[in-house]
Structures are given as structure tokens and as C-alpha cells.
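Structure, as C-alpha cells:
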Amino acid sequence: MPSETPIFSARDVVRVFGSGKKLVRAVDGVSFDIADGEIVSIVGGSGCGKSVLAKIMLGLYKPTSGQFLYEGHEITDQRDHWNEVQAVFQDPFSCFNQFFTIRAQLKAAFHILKDKPSKSEIDDRVDAGLLAVNVAPKDIEGKYPFELSGGQMQRMLLARIFALRPKVLIADEPTSMVDACVRANILDYLMKLKVELSMTIVFVTHDIGLAYYVSDRLFIMHEGKIVDAGTPDDVILKPTSPVTVRLLDDIPEIHKEWIKR
Amino acid sequence: MSEPTFEVDHLSLHYLTRFGEKIHAVTDVSFEMKQGEILGIAGESGCGKSTLVNGLMGLFIPPLHPTSGDVKVGGESLMNRTPQDIREHVLSRKVSMIPQGAFNALNPTRKVKDIAADVIVAHEKGDRKKAYDRLGERFELFFGAEAKRILNAYPVQLTAGERQRSVIGISTLLNPEMVIADEPTSALDVSTQKIVIKMIFDLLDAGIFKSMIFITHELPLLRHVADNIAIMYAGEFVEKGTAEQIVFSPKHPYTKALMGAMLSAEPGQKSRKPVAIEGAPPSLAEAIVGCRFAARCPVARPECRQNKQELRMFADRLVRCDYAE
Amino acid sequence: MLKQHPTARFILQRAGWYLLTFLVAVTINFFLPRLGTSNPVDIILAKSTGGLSAQAAREKEESYLKEFGLVKLDGHGNILRDTTIRTVKVWDAAKQASVSKPDTLIKPIKASSLDQFFTYVKMSLSGDLGTSFQKYPKKVLDVIVQAVPWTIALQLPTIVFGWIVGNVLGALAAYRRGMFDRVFFPVALLVSSIPFFVFGMLLVYYFAVVLGWFPAMGGYADEIIPSFSFEFFGSVAYHYVLPFFSIFLILAGGQAIGMRSMGIYELGTDYIKYAKWLGIKESRVLIYLFRNAMLPQLTGLALSLGTMIGGALITEMIFSYPGLGMAMLSAIQNNDYPMIQGVTLIITTCVLIANFTVDIMIGFLDPRVKAGLQMGGN
Amino acid sequence: MKLLKNLLKSPMFVIGASLFFGTILVALFAPLFYSVTLDRVGEQYAAPGAGHLLGTDNLGRDYISLLIMGLRSSLYVGFLAGIIATAVGTLLGIYGGFKGGWIDDLLNMLTNLFIVIPSFVVLILISASFKDGRSLTLIGLIIGATTWTWSARAVRAQSSALKSRDHIWLARINGDGTLAILVKHILPYLLSYVFMVFILQIASGILSEAAISMIGLGPLDTQSLGVILNDAKSNGALGDGVWWAFIPSTVLITMIVFALYLINTSMEGVFNPRLRK
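Residue numbers (numbering that gives the first Met the number 0), protein chains in the order written: chain A, 0 to 260; chain B, 0 to 324; chain C, 0 to 377; chain D, 0 to 276.
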């Protein structure tokens with residue numbers, strides 16, 4: 000049974016970069032709650048602050064002001080936090096160190112766990128993680144990251160999550176660098192994480208189609224603020240903020256009128 | 000009906016690599032285009048789209064070589080002509096190109112108006128002064144009051160949308176017959192993309208250029224932009240028909256797979272589960288027997304791997320699959 | 000006032016930076032020679048007052064001390080004396096014992112090294128670089144003022160001309176590739192690895208000694224008195240040829256290599272490809288390439304000016320060219336510290352001025368830098 | 000690794016590497032095959048002939064011995080200065096580039112300040128002040144201490160570019176500490192770059208030693224290629240056409256520096272595109 004306290008709760012979280020004339024308010028007063036086991040998507044154009052928010056959730060950035068809680072408490076110790084909250088990043092090629100084999104890097108992930116499992120158990124969990132993304136361990140035996148395709152590399156990132164089995168996953172643009180036909184696979188594995196491991200997942204993406212398909216709830220972000228939130232159908236059918244209306248209107252959809260000629 | 004502005008007749012292109020390998024990047028592509036028509040070309044990365052672009056512009060610069068076939072613009076062939084001849088008489092005048100990443104397609108240390116003037120001066124006699132007036136008028140056509148600011152700005156001072164529209168303005172300065180747009184809006188966010196596409200429609204309707212080939216992997220975008228769509232796979236057209244046919248009733252297994260893998264935020268789409276296509280396109284170095292999609296095709300039969308598939312008329316569009324239904 | 004026109008702010012900002020660098024350079028210039036085991040000035044004082052009568056020796060020593068700001072001076076410039084009476088042990092032959100006797104010699108109060116530094120800075124800023132040991136009582140500044148025009152006459156045109164020719168050849172090699180590049184590149188690389196001064200020796204040996212086409216030494220024929228006559232300038236030009244080429248060829252080789260790799264990099268950029276797709280004239284595309292690849296080359300030039308001028312100075316020594324190089328060489332050979340310090344200060348100042356000018360040029364040539372200013376400073 | 004294979008395929012690298020290591024072998028093992036001696040073997044400036052294949056210097060000493068000793072000292076100074084300059088530069092560069100913030104700005108300001116002040120001037124001032132006891136090692140230390148700015152500037156640019164790569168973020172959520180990240184995730188990417196900088200620093204070390212010796216501030220305790228050239232200059236060998244006094248030493252210096260530049264240029268061709276990806 001998922002616990003009562005929300006996984007993440009934000010109260011007027013602000014994060015700024017630079018100072019004086021060059022001050023940038025990347026996240027500008029954001030408040031929300033994300034419950035345990037929920038899949039939430041944060042959707043917005045480039046530069047709307049969604050990646051900064053993702054890094055705040057990951058504990059990589061501290062909020063400049065406001066309160067950001069994980070399971071009811073501030074994120075004080077990063078290592079503890081990463082024990083339970085892990086991430087998948089956007090560019091599979093720059094995610095892995097080219098000088099170590101993939102298997103070595105997957106095993107290195109266990110370095111973060113407080114009660115570090117035994118060597119053999121780590122190997123088993125890595126194998127299980129690889130199988131979970133339909134990759135036979137022998138296929139990547141001794142292989143280096145530059146020997147695999149973009150789609151396969153993205154799967155390695157997911158294999159790492161299946162192996163580590165964290166409580167929460169922050170997926171920052173997980174499919175934007177991947178070809179359309181492979182994208183569906185990645186989504187299947189992400190859904191598998193929720194179904195099999197009841198993991199809480201936060202999606203950060205500019206692709207509203209992806210967000211609509213995968214998430215229980217949607218946040219639309221624009222210039223550091225959340226302008227719309229709700230279930231996918233609410234947000235798509237009954238958008239409240241003009242920004243969302245324009246965003247939906249600008250997306251070329253097959254069945255919808257786009258530009259009159 | 001006016002004779003076709005652009006004809007491609009069984010065009011095949013190959014790369015000669017340093018190690019003597021011959022890679023057949025484009026095989027047996029044929030199509031015709033009429034005045035005011037937009038042809039969309041869609042396909043995965045590495046299917047030969049960009050190679051085709053160079054071929055359609057007559058830019059056969061080693062290691063790219065034409066194997067066979069012909070490309071005609073307004074009746075004038077682009078085959079076996081010297082690069083200088085192509086540069087002087089074809090580029091920007093007959094066939095023009097809009098590159099993919101517009102944000103660094105403009106020379107960072109030069110004002111937009113100077114780059115534009117360079118194009119005019121390179122192709123037409125007359126001094127730069129006249130060129131500046133002419134491009135001033137043209138830019139006012141689609142930038143209105145903003146034209147002066149944009150023309151006198153350096154690329155670094157413009158937004159991505161302004162840069163992309165300036166590139167389109169520059170590429171169509173000499174009213175080319177054919178404009179080839181290679182993923183012109185893939186790097187832009189949605190609202191800027193809409194403004195850019197609107198500009199393209201206005202230019203086409205105003206007859207600034209006669210026809211366009213629009214290359215992208217986003218089928219929903221092509222649905223609204225292109226009149227006809229050709230789906231490209233491993234260097235070949237596998238299906239070609241009107242936008243509605245391709246999007247709403249795809250026949251070739253690969254087109255069906257592409258449409259199936261698409262995600263759209265439309266009501267009722269939530270239940271439709273996207274289907275992925277396993278594997279990757281075949282390497283084009285060795286000659287391939289039978290259908291190139293056979294390895295990944297969900298409805299492949301043993302015969303598919305033996306006999307070569309020809310583009311044939313089926314359900315009033317061209318399909319390269321004997322068993323499409 | 001500064002906010003409106005950023006270019007003025009950019010220039011002032013760079014000027015401020017180079018002033019700070021100059022101050023650091025002056026500090027280095029002062030403290031480094033005093034780094035070693037013994038303070039150089041003391042050794043010289045001891046040596047230069049040998050063989051003089053006690054009285055004359057002390058006078059000379061005190062004049063040196065005053066020259067180098069080693070003693071405290073009162074308002075109108077004479078030395079402050081240490082008036083405390085001190086006793087000094089003197090061997091009294093009669094009593095066969097050392098007896099303390101009031102020390103009649105009233106020593107000047109030594110200035111602390113910090114005071115010396117401040118006086119040094121004050122003096123150098125006011126242009127007084129002290130007097131040369133070797134050519135006493137000649138002022139260091141006079142020697143330098145005589146030598147600087149020669150050095151500038153040799154080095155300025157060589158560096159500027161070498162930079163231009165080198166970069167043009169490099170850009171062509173990058174653009175043409177093919178035969179031109181395959182021949183040009185190894186030669187340029189070989190030439191750029193020969194040190195200036197060594198190449199100078201080779202040229203002197205072959206062209207002056209073996210073939211005798213050019214004079215081996217000097218800035219002009221000895222028998223001619225420097226004057227604004229045609230004959231004098233003819234001789235200067237005649238002597239100029241070998242030193243010029245010994246720096247110019249190597250500099251051009253080095254710049255060509257740099258420009259070639261920058262050019263190849265620029266050729267791969269999207270805007271060059273787009274320019275070609277637009278059918279812009281090849282000559283214009285080459286100008287695009289050269290103009291943009293030139294900017295990092297300019298920065299490279301500015302940064303390597305120090306080593307470049309250093310090498311060129313030694314070339315002057317090979318040709319005993321009457322410039323700063325020779326002044327430096329004779330100063331070193333005779334441990335003429337004020338001269339060494341003076342020449343190094345002038346060299347550093349010239350390099351800083353050159354860097355400043357190149358910085359400003361880049362600021363104007365590269366709109367990205369200027370644009371960076373309009374959008375709230377870089 | 001795959002990259003090393005491409006490197007070995009490029010002719011420039013093979014020529015450069017073999018030339019350079021050839022000179023090192025000669026410098027190390029020549030004394031075993033040739034009796035290196037500093038005592039008189041013939042007349043002053045005797046032309047190359049029996050007993051002294053490359054002639055004698057102004058004191059009648061055998062030039063081959065001088066050149067061997069000179070080569071050893073020049074390589075020694077080159078490596079010493081190269082190691083110091085590269086080590087100091089790389090440490091400052093990596094730390095500044097990775098740490099970012101005001102530390103990076105401070106280190107960057109320091110580097111930009113010292114890179115403008117001509118290292119040649121600093122070299123002269125320091126050497127001049129060590130009147131006696133100017134040993135080869137001291138000269139190597141001084142050169143190293145004045146040319147670190149080049150490596151600092153190059154390495155800093157690379158390491159700050161690497162900082163934003165995703166694999167650094169991944170390493171952090173893997174629980175790697177700053178040190179582990181620097182060693183495992185930054186350094187390997189920089190290794191090829193640092194090596195290229197090291198090659199250039201050796202070349203600049205050799206050239207600087209030759210320069211400082213040419214103006215009479217060279218090492219007092221040993222021969223070096225610079226000292227040989229300086230002796231040739233000051234004894235007027237140039238004017239008297241005594242080519243064997245300076246041509247062999249010139250050829251040696253040029254060959255070493257040329258070999259180093261060849262290695263560096265060929266590595267730039269192989270490594271740079273990948274680094275920029």
C-alpha cells in the first residue's frame with residue numbers, strides 16, 4: 000500500500016541563476032504534491048525550467064527559496080536521497096563514460112546503496128536489469144558505450160534503474176534523442192517499472208503526446224511557473240491557462256485543423 | 000496542366016569510401032512535382048534523406064557519386080555538370096536549400112543583409128547597392144516592420160525563429176523553382192515552428208518559389224504541410240501517396256509501423272498502445288536481396304527475402320510490397 | 000554615462016585589466032633580480048668602488064645608493080644620516096687589544112626593500128629607470144630610447160607581415176587541401192620548429208659568410224654616420240634583409256600551421272556549408288573562412304607575443320643589430336642590473352600594449368564579443 | 000583502444016614518434032658505444048676528420064662528445080620543464096574548470112595575467128639573479144614555473160566543457176565523490192589532451208633552454224645544445240665559417256622540436272573530433 004505522506008511536496012520553490020542584470024529565475028514559485036506510486040509529467044518548451052525542477056527533485060540543485068520536501072523532510076544528505084531517488088538522463092551517448100565497459104558502470108551504480116549487496120548479488124541484479132529491457136547479458140559482455148546504438152544505450156540507462164530498484168525515478172527527456180519506432184519500447188519499460196516495482200515516476204518532456212500517454216497527472220510549465228495541472232484529459236480537454244491553449248493549438252495533430260491554407 | 004517543374008527519373012546515388020567500399024545510399028528514386036506542390040519525405044535517421052538532398056541539387060561532390068538516373072529542373076538536367084556550373088546556374092536560382100540547424104547556418108560575424116547581398120551578387124550582375132534595396136523589399140514581405148532590425152542584426156542577436164525565417168528568406172531570394180527543406184523546424188519549439196510553416200505557405204502562395212520538398216521524421220507535421228508524402232526506408236521509397244492516404248490508410252508495413260509508433264495528445268488516443276519496431280535498418284554496403292524491411296517486418300513471409308519488391312500501384316498509391324493489404 | 004555606449008566600457012575594462020597586469024609586471028621586474036642569494040646591487044657596489052681612495056669610494060657608493068633608492072632621502076634629496084653614535088672595535092696595536100672607539104663613519108640609513116620598491120615604481124613610472132652601471136653615468140632610459148626604434152623597426156613589420164602571409168597561406172592550404180596542402184604543410188611544420196635565432200645563424204653562415212651576398216653583422220655599415228641621407232637608409236635596408244627573413248619565415252610557418260587547423264575546423268561548420276549551398280562565390284566563401292578563423296589566430300598571436308619578441312631579441316644578438324637585444328646582451332654580460340631591469344620593463348610594456356591593441360581589435364572585429372556587451376555584458 | 004590504432008596508422012605520428020624516441024635512445028645509450036670525453040683531442044676548431052668526426056670546438060674538445068652531452072641536458076631540461084608546466088597547469092586547469100564559480104574565475108584571472116607577461120623576460124630576470132650556481136635543474140625548474148600558463152588555459156577549457164556532460168551527473172548520483180569523479184570521469188577524457196599539451200611543453204622547454212643559454216644565462220655546470228650554440232656565437236665561429244660549431248646542434252634542436260610537433264599535430268587529428276562530440 001503506497002504510504003500517505005507525498006513523495007515530493009513543493010511550496011513556492013524558487014531557483015535563480017546568475018545575479019544582477021543577468022539574473023535568471025529558472026523556477027519561479029512552484030507548488031505541488033506528488034503521491035507515492037504516481038506517474039507525473041512536467042511538460043514545457045525549451046527554457047521553461049523543467050530540467051532545473053528535475054534536478055531540484057534529484058537533490059542536485061538546492062532551491063534558492065521556498066520549501067522542497069522528500070517524504071516530508073528537506074533533502075539534507077544527497078547520498079541518502081540518491082539511495083531512493085534515481086534518474087534517467089536525456090542524451091544516452093553522454094550518459095556513460097567511454098572508458099569503462101557498460102557492465103562495470105552498471106555495477107558502479109550500487110556504490111550508492113547504504114546496505115551494499117554482495118558482489119554475486121550485484122551481478123544477479125545487473126543481469127535481471129538487462130533482461131528486464133530485453134538485452135541478454137552476453138550481448139554487452141566487455142562492450143564499451145561507443146559500440147552500441149542510441150536506442151540500446153537508452154535501454155542501458157533503464158537497465159540500471161531495474162537493477163537498482165529505487166523508490167522514485169526522475170526521467171529527464173528520456174525519449175527525445177531516440178527514433179520514433181524505438182521510443183515505444185522505452186515507454187513500455189518505463190510502464191513496467193510502475194507495474195512491477197510500483198515506482199513513482201516523474202517525466203520531464205517537451206512532447207505532450209508522450210506525457211498524455213504515460214502519466215496519471217500533467218503539469219504544464221512556462222517561464223518557471225506551473226500554469227496548468229490535472230489529469231491528461233482535464234488538461235487537454237479543459238485547459239485553463241492561455242499558455243496551454245496556445246501550446247495545444249500549435250501542436251500539429253493528425254485529426255485537428257492546424258493552419259488554414 | 001503546366002509541364003512538371005521538377006522530375007526525378009530512377010535516381011541512384013552511392014558513396015565511394017576511402018577503403019573502396021561502395022555504399023548504395025539512394026536506390027531507384029523517381030517522382031514528378033507540379034507547380035505549387037509540396038512533397039513530404041519521411042523516414043528514420045540514416046535512411047538516405049540527406050544524401051537524396053545533395054543528389055536533387057546536383058551536388059555530386061566525392062565521396063558522393065551518381066550511379067544512374069536523371070534529375071531535371073524546369074526541363075534542365077542536373078546530371079554530369081561541373082560544380083562551378085551548378086554553383087552559378089542552379090544553386091539559389093533553380094534549386095535552393097533550407098538547412099537543418101538554422102541557428103548556426105548564418106555566418107556569425109556577418110550581418111544578415113550582407114549574407115543576403117552575397118547571394119544576389121554571386122548570381123546576378125549589378126552593384127551591391129541595388130541588391131540591398133531588392134532584399135530589403137523581399138524581407139519586408141514577411142518580416143514587415145521588423146525587417147530593418149533583422150537585416151542589420153548579427154545572427155547572435157536574433158532568436159532561433161528569426162534566424163530560421165531569415166534563412167528561408169535568403170534561400171528564396173532568387174525565386175528558385177524548387178526549395179528543399181531538410182528538417183527546417185526540428186530544432187524549434189512548437190509555437191515557433193507554426194510561425195515558420197505559416198511563412199513557407201505564404202511564400203509558396205505568393206509564387207516566390209514554385210515547389211518544395213519537405214523532409215522530416217514527424218508524420219503529424221507532414222500531414223498538415225505536404226500534399227503528397229513519400230516514406231523512405233534504407234535508401235528506397237517504400238510508399239508514396241497523398242498525405243491523407245499515407246496517414247489515415249497506410250498500406251506498406253513500415254508506414255503502418257511508423258504511424259503505429261506515433262504518440263499524439265488527442266482525446267481517445269490514450270488507449271491506443273504505440274507499437275515499436277525492433278532491430279535497425281540494414282547496412283547499405285552489401286547488395287540486399289528481396290525486401291529491405293523483411294528483417295523487421297511483422298508480416299514478412301519467406302518470399303519477401305528472395306524476390307525484389309517493385310513499387311506498384313495498390314489502393315491508388317505506390318507501394319513497394321507484394322503482400323500489402 | 001558608461002552604460003549607454005558599451006564599446007567605451009569595453010575599452011576601459013580592458014585598459015583597467017592591462018594596467019593591473021602592468022603593475023604586477025613592475026613588481027616582478029623589481030623583486031625577481033633580488034631573489035637570488037646575494038642582492039645584485041651590493042655585489043656591484045663592492046666591485047665598482049674597488050681601487051678608489053676611501054673618501055672617493057664612499058662618495059661613489061653613496062651616489063649609487065641614492066641612484067637606486069637604497070637610502071632614505073630627506074625633502075630635498077640628500078641622504079639622511081644615522082646620527083646615533085656607535086662604537087666600533089678597532090685593533091689598537093699599542094695596547095695589543097681591541098678598543099671600542101666612536102665610529103666616525105656616519106652611515107646612511109638603509110631603505111627597507113619595500114621603500115626601495117616604492118621608489119623604484121615611482122621612478123619607473125616617471126620614466127627614470129636609473130643609471131647604467133656599465134655605461135655610467137649614462138641613464139638607462141637614454142640607451143633604451145636609442146635602441147627601441149631599431150627593435151620596433153625590425154620586429155613590428157616582421158611580426159605583422161609574417162602573421163598576414165602565414166595566415167593567408169594557412170587558409171589556402173585548409174581550403175585547397177590536395178597537392179598544395181600535402182607539400183606546404185610538412186614544410187611549414189619543419190620551418191616553424193626551427194628557433195628564430197638558430198635559423199638566424201644558418202642564414203648568416205650561408206648567405207653572409209659562404210655567399211657573401213649580405214652583411215653578417217650590424218644595423219648599418221660602420222663607416223656611415225647615422226643621418227637622414229639616402230646612403231644611410233640604403234645601408235640600413237641592406238643590413239635589414241637577413242634579420243628580417245630569419246624571423247619572418249619561421250613566424251609565417253608557425254601561423255600557417257595554426258590557421259590551417261583553424262581553417263579545416265571552420266570548413267566543417269554549418270554556415271560554410273550553407274554558403275556553398277547558396278552558390279555564393281568561392282572567393283567570398285574563402286573570405287568567410289579567413290575572417291572567422293583569423294579571430295582565434297589573433298588571440299593566439301597576442302598570447303605568444305612574449306615568446307616571439309624574446310626569440311627575436313636573440314636574433315638581434317646574432318646580427319649584433321643595434322636594438323634592445325644588444326642592449327640586453329651587453330647588460331647581462333656586465334651584470335648591469337638597472338639596464339637589465341629597464342630593458343625587461345620596456346619589453347613587457349611593449350608586449351602589454353600589443354596585447355591591449357589586439358584585444359581591442361578582436362572586440363571590434365568579432366560581433367559576438369560586441370553583442371555580448373549589448374546583452375548585459377559578457 | 001580503438002583510437003590508439005588509428006594513431007599508429009597516421010604516418011605523421013609514426014615519423015614523429017620514431018624520430019623523437021630515436022634521439023632519446025641516442026642520448027641514453029650513446030656513451031656506451033662512444034667514449035664521451037671532454038679533454039682535448041685536437042687543434043682548436045679542427046675540421047671534421049679522423050679522431051673527431053665532427054671536428055673540435057674552440058678548446059679542441061671533440062664535438063661528438065659535446066653534442067651527446069648537450070643532447071642529454073637539453074632533453075633533461077625539456078622533460079623537467081615539461082613535467083612541471085604540465086602538472087601545475089593540469090591541476091589548476093582541472094580544479095578550476097571542474098569547481099567553477101569564483102575559484103575558477105580567480106584561477107582563470109591568474110592564468111590570464113601570467114600568460115600575457117612574457118615568460119622569456121621572467122626567465123632572464125630569475126637566471127640573472129642566480130649569478131653563480133645556475134645549474135641545469137634550476138633552469139628546468141624556472142622554465143617549468145613560467146610556462147605552466149599554456150597548459151592551465153588549455154586544460155581548463157576542456158574540463159569545464161566536460162563538467163556539463165551527463166556522465167558527470169550520473170557519476171554523482173552513483174555516489175562518487177569529487178575526487179573519484181575527477182580521476183575516473185574527468186581525467187581519462189583529458190588524458191589524450193594533457194599528453195598533447197605535455198608534448199608541446201617539452202618542445203618549449205628545449206627551446207627556452209636554448210634561448211636562455213644563447214644570451215649567456217645558460218647552465219654553468221654542464222654542456223647543453225644552447226651552451227654549444229652560445230660558445231659558437233661568442234667565439235666568432237660564425238664569422239670564421241666554422242660550420243661544425245653550430246650546424247649539428249641546430250639540426251638536433253630542430254629535429255627534436257619537429258618530431259614533437261609532428262606527434263602533436265597527428266594526435267590532434269585523431270583525438271580532437273572525438274573530444275568535441
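Even for Gly, the Cβ is constructed at its ideal location relative to N, Cα and C.
Rounded to whole angstroms, how far is the Cβ of glycine 139 (chain D) from the Cβ of glycine 204 (chain D), which I believe are closer than 8 angstroms? Counting from one through the fourth sequence, the residue named residue 139 (chain D) turns up at place 140. Counting from one through the fourth sequence, the residue named residue 204 (chain D) turns up at place 205. Yes, glycine 139 (chain D) and glycine 204 (chain D) are in contact; Cβ-Cβ is about 7 angstroms, under 8 angstroms.
Flag this pair as yes or no: are the beta carbons of phenylalanine 78 (chain D) and isoleucine 201 (chain D) separated by less than 8 angstroms? On the fourth sequence, residue 78 (chain D) is found 79 positions in, with the first residue counted as 1. On the fourth sequence, residue 201 (chain D) is found 202 positions in, with the first residue counted as 1. Result yes, Cβ atoms of phenylalanine 78 (chain D) and isoleucine 201 (chain D) sit closer than 8 angstroms.
Please name the residue, chosen from A:Gln66, A:Asp138, A:Leu163, A:Met152, that lies closest to glutamate 120 (chain A) on a Cα-to-Cα basis. Mapped onto the first sequence, residue 120 (chain A) falls at position 121. Put simply, of A:Gln66, A:Asp138, A:Leu163, A:Met152 the residue whose alpha carbon is nearest the alpha carbon of glutamate 120 (chain A) is A:Leu163.
Counted within 10 angstroms of its Cβ, other Cβ atoms place phenylalanine 184 (chain C) as buried (16 or more) or exposed: Here residue 184 (chain C) corresponds to residue number 185 of the third sequence, with the count starting at 1. It is buried - the Cβ of phenylalanine 184 (chain C) has at least 16 other Cβ atoms within 10 Å.
Chain-order list of residues whose beta-carbon lies under 6 angstroms from that of threonine 150 (chain C) (same chain, five-residue window excluded): For the purposes of this step, residue 150 (chain C) is taken as residue 151 along the third sequence, with counting starting at 1. Leaving aside the five residues that flank threonine 150 (chain C) on each side, the residues in its chain whose CB is nearer than 6 angstroms to its CB run, in chain order, Gly322, Leu323.
Per DSSP, what kind of secondary structure is lysine 21 (chain B) in: helix, strand or coil? The residue you call residue 21 (chain B) lines up with position 22 of the second sequence. DSSP places lysine 21 (chain B) in strand when its eight states are reduced to three.
I'd like to check one pair, valine 26 (chain A) with glycine 46 (chain A): are the Cβ atoms closer than 8 angstroms? Here residue 46 (chain A) refers to the residue found at position 47 of the first sequence. Here residue 26 (chain A) refers to the residue found at position 27 of the first sequence. Against a cut-off of 8 angstroms, the Cβ pair of valine 26 (chain A) and glycine 46 (chain A) comes out as no contact.
From the DSSP output, in three-state form, read off valine 7 (chain B) for me. Translated into positions along the second sequence, residue 7 (chain B) becomes position 8. Under the three-state reduction of DSSP output, valine 7 (chain B) falls in the strand class.
Check the Cβ of isoleucine 102 (chain D) against every Cβ in chain A and list those closer than 9 angstroms, keeping chain order. Taking the fourth sequence and counting its residues from 1, the one referred to as residue 102 (chain D) is at position 103. Simply none; closest approach about 17 angstroms.
Check the DSSP bridge columns for threonine 55 (chain D) and list the partner residues they point to. Here residue 55 (chain D) corresponds to residue number 56 of the fourth sequence, with the count starting at 1. Looking at the DSSP assignment, threonine 55 (chain D) forms a beta bridge with D:Asp61.
From the DSSP output, in three-state form, read off tyrosine 14 (chain B) for me. The sequence position of residue 14 (chain B) within the second sequence is 15, counting from 1. Tyrosine 14 (chain B) falls in the strand class under three-state DSSP.
Taking only runs of the alpha helix (DSSP H) that begin and end inside the segment 89-129 of chain D, which ones reach a length of at least 4 residues, in chain order? Every alpha helix (DSSP H) of 4 residues or more that sits fully in the segment 89-129 of chain D is shown, in chain order, as 100-115, 118-128.
Looking at the strands, I want to know which residues DSSP matches up with methionine 231 (chain B). For the purposes of this step, residue 231 (chain B) is taken as residue 232 along the second sequence, with counting starting at 1. Its beta-bridge partners are B:Phe236.
What residue range does the alpha helix (DSSP H) around isoleucine 227 (chain D) cover? As a first step, residue 227 (chain D) is located in the fourth sequence; it is residue number 228 there, counting from the start. In the DSSP assignment, isoleucine 227 (chain D) falls within the alpha helix (DSSP H) that extends over 224-233.
Collapsed DSSP secondary structure at isoleucine 37 (chain B) in the structure displayed: By 1-based counting over the second sequence, the position of residue 37 (chain B) is 38. Strand at isoleucine 37 (chain B).
C-alpha distance - isoleucine 27 (chain C) paired with valine 121 (chain D), whole-angstrom precision: In the third sequence, the residue the question calls residue 27 (chain C) occupies position 28. In the fourth sequence, the residue the question calls residue 121 (chain D) occupies position 122. If you take the alpha carbons of isoleucine 27 (chain C) and valine 121 (chain D), they lie about 8 angstroms apart.
What number of angstroms, rounded off, separates the C-alpha of tryptophan 16 (chain C) from the C-alpha of valine 120 (chain C)? Translated into the one-based positions of the third sequence, residue 16 (chain C) becomes position 17. Translated into the one-based positions of the third sequence, residue 120 (chain C) becomes position 121. C-alpha of tryptophan 16 (chain C) to C-alpha of valine 120 (chain C): approximately 18 angstroms in a straight line.
Which residues in chain D have a C-beta closer than 9 angstroms to the C-beta of glutamine 85 (chain A)? List them in chain order. Translated into the one-based positions of the first sequence, residue 85 (chain A) becomes position 86. Think of a sphere of 9 angstroms around the beta carbon of glutamine 85 (chain A): the chain D residues whose beta carbon falls inside it are Ile172, in chain order.
Spell out whether any CB of chain A is found under 8 angstroms from the CB atom of proline 272 (chain D). Locating residue 272 (chain D) in the fourth sequence gives position 273, counting from the first residue. Below a pLDDT of 50, predicted positions are generally treated as unreliable, and proline 272 (chain D), at 49, falls in that range; no measurement from the model is reported.
Kindly identify the DSSP beta-bridge partner or partners of tryptophan 384 (chain C). In the structure as shown, chain C starts at 0 and stops at 377, and residue 384 (chain C) therefore has no counterpart that could be examined.
Return the residues of the segment 174-208 of chain B that lie within a Cβ-Cβ distance of less than 8 angstroms from chain A, sorted by chain order. The segment 174-208 of chain B vs chain A, Cβ under 8 angstroms: Asp188, Val189, Ser190, Gln192, Lys193, Ile196, Lys197, Phe200, Asp204.
Can you list the residues of chain A that proline 117 (chain D) reaches, using a CB-CB cut of under 8 angstroms? The residue labelled residue 117 (chain D) in the question sits at position 118 within the fourth sequence. Those within 8 angstroms of proline 117 (chain D) in chain A number zero; the least Cβ separation is about 35 angstroms.
Can you list the alpha helix (DSSP H) stretches of 4 or more residues lying completely in the segment 93-159 of chain A, in chain order? Correct list: 101-107, 118-131.
Identify which residue in A:Phe99, A:Pro136, A:Lys255, A:Ser64 has its Cα closest to the Cα of histidine 223 (chain B). By 1-based counting over the second sequence, the position of residue 223 (chain B) is 224. Nearest C-alpha to histidine 223 (chain B) among A:Phe99, A:Pro136, A:Lys255, A:Ser64: A:Lys255.
Does glutamate 265 (chain C) pass the burial test, meaning 16 or more other C-beta atoms within 10 Å, or should it be called exposed? Working through the third sequence from its first residue, we reach residue 265 (chain C) at position 266. Glutamate 265 (chain C) is buried by the Cβ-count criterion.
I want to see whether chain C comes within less than 8 angstroms of isoleucine 141 (chain D), judged by CB atoms only; does it? On the fourth sequence, residue 141 (chain D) is found 142 positions in, with the first residue counted as 1. Isoleucine 141 (chain D) does not count as touching chain C.
For the alpha helix (DSSP H) that contains lysine 193 (chain B), what are its first and last residues? As a working mapping, residue 193 (chain B) is identified with position 194 in the second sequence. Taken as a continuous stretch (DSSP letters only), the alpha helix (DSSP H) holding lysine 193 (chain B) covers 189-204.
Roughly how many whole angstroms lie between the Cα atoms of phenylalanine 20 (chain D) and phenylalanine 198 (chain C)? The residue given as residue 20 (chain D) occupies position 21 in the fourth sequence. The residue given as residue 198 (chain C) occupies position 199 in the third sequence. Near 24 angstroms, if we compare the C-alpha coordinates of phenylalanine 198 (chain C) and phenylalanine 20 (chain D).
Does any C-beta atom of chain A lie closer than 8 angstroms to the C-beta of histidine 166 (chain D)? As a first step, residue 166 (chain D) must be located in the fourth sequence, where it is residue number 167. Yes, its Cβ sits closer than 8 angstroms to a Cβ of chain A.
Simplified DSSP state of proline 272 (chain D), which is helix, strand or coil: For the purposes of this step, residue 272 (chain D) is taken as the residue at position 273 of the fourth sequence. Confidence in proline 272 (chain D) is poor, its pLDDT being 49 and thus under 50, which makes the residue's placement unreliable; the coordinate value appears in the next sentence. Assigned with DSSP and collapsed to three states, proline 272 (chain D) falls in helix.
Which of the three DSSP states is assigned to tyrosine 69 (chain A) in this structure? Within the first sequence, numbered from 1, the residue matching residue 69 (chain A) stands at position 70. Tyrosine 69 (chain A) sits in a strand when the DSSP states are folded into three classes.
Find the residues of chain B that neighbour asparagine 291 (chain C), judging by a C-beta separation of less than 8 angstroms, and give them in chain order. For the purposes of this step, residue 291 (chain C) is identified with residue 292 of the third sequence, where counting begins at 1. The contacting residues are Asn106, Pro107, Thr108.
Between valine 378 (chain C) and glycine 309 (chain C), how many whole angstroms is the CB-CB distance? I'm expecting something under 8 angstroms. Residue 378 (chain C) cannot be examined here, being either before or after the span of chain C that is shown, 0 to 377.
Is lysine 113 (chain A) buried or exposed, if buried means 16 or more other CB atoms sit within 10 Å of its CB? If you number the first sequence from 1, residue 113 (chain A) lands on position 114. Burial call: exposed.
Can you tell me the Cβ-Cβ gap for methionine 307 (chain C) and isoleucine 158 (chain C), rounded? I've got them flagged as a contact below 8 angstroms. On the third sequence, residue 307 (chain C) is found 308 positions in, with the first residue counted as 1. On the third sequence, residue 158 (chain C) is found 159 positions in, with the first residue counted as 1. Correct: roughly 6 angstroms between the Cβ atoms.
What do you reckon, are the CB atoms on phenylalanine 244 (chain C) and leucine 294 (chain C) nearer than 8 angstroms? Residue numbering aside, residue 244 (chain C) sits at position 245 when the third sequence is read from its first letter. Residue numbering aside, residue 294 (chain C) sits at position 295 when the third sequence is read from its first letter. It is not a contact, given that the beta carbons lie outside the stated cut-off.
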